[in-house]
Amino acid sequence: MVTQPSLPYSPDALAPFISERTVSIHFGKHTKAYFDTTNQLIKGTEYEDMPLDEIVVKSDGILFNNASQAWNHIFYFFTFDPEGLHEPEGALKRKIEETFESVDNLKETMKEAGKTLFGSGWVWLSADADGKLIITQGRNAESPLKDGLTPLLCIDVWEHAYYLDYENRRPDYIDAQWNIIDWKIAGQRYDNIFEDL
Ligand code: MN
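Take any residue in the sequence shown, count from 1 to its spot, add 39: that is its number in the numbering used here.
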């Protein structure tokens, strides 16, 4: 069985960038439903005792869709800290500047990826095993874990992530994310790649 962790901040902590109402529905109803459905699907199967990330890598079809959405949402919500570090630092900052020239260019590239993703999905900043940075669009529940990448941060561009607060203005929602994404968390995920080498 997989368990949805509690949010590490209060539901109003991300306002005004993401409202308490959106957090409550998005985490309390959408994310919960992905966990509940995953648990219904794995009961009595080979997946029953697997950690969530392993289910994501090994499953497909409806189980993959629900397990991956469960994993993606925990990753998304646990990258926010309104009191966190709002500019990258250390090795990740150096790699961003080497790859994208500037942090602003990285943000613009991710925004463009979010704007041009047709329908529902995610924008990911990930690293490969050598620490090379890559920005990808994921349709629906698609996960960088399937490609052997290490996700560093993501933006949920399903309408349920922003419609209550931004209506159809997806680019405004994407811009607002940089006020609450904690680069310290993304930086630790990046540093962990090299600890394993
Ligand atoms: Mn979502």
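The C-beta atom is built at its ideal place from N, Cα and C for all residues, glycine as well. Every value quoted in this text rests on a predicted model; they were computed, and no experiment measured them.
CA-to-CA, the gap between Thr76 and Tyr212 works out to about 28 Å.
Ala130 and Gly83 have their C-alpha atoms roughly 44 Å apart. Among the bridge pairs identified by DSSP, Thr175 is matched with Trp163. About 4 Å separates the CB atoms of Ser159 and Trp197; that is less than 8 Å, so the two are in contact. A residue is called buried when at least 16 other Cβ atoms come within 10 angstroms of its Cβ; Ala72 does not meet this threshold and is exposed.
Note on the segment 56–95: whole alpha helix (DSSP H) runs with a minimum of 4 residues are 59–64, 71–81, in chain order.
Annotation: the continuous beta strand (DSSP E) that includes Ile194 extends over 189–195. Here the alpha carbons of Tyr229 and Tyr202 stand approximately 31 Å from one another. The set of residues with a C-beta under 5 Å from any non-hydrogen atom of the ligand MN comprises Asp195, Trp197, Ala200, given in chain order. Note that the C-beta distance between Ile220 and Thr118 is below 8 Å. In this structure, DSSP gives Ile219 a state outside helix and strand, which the three-state scheme calls coil.
Distance from the CA of Asp120 to the CA of Leu164, rounded to the nearest whole angstrom, comes to 18 Å.
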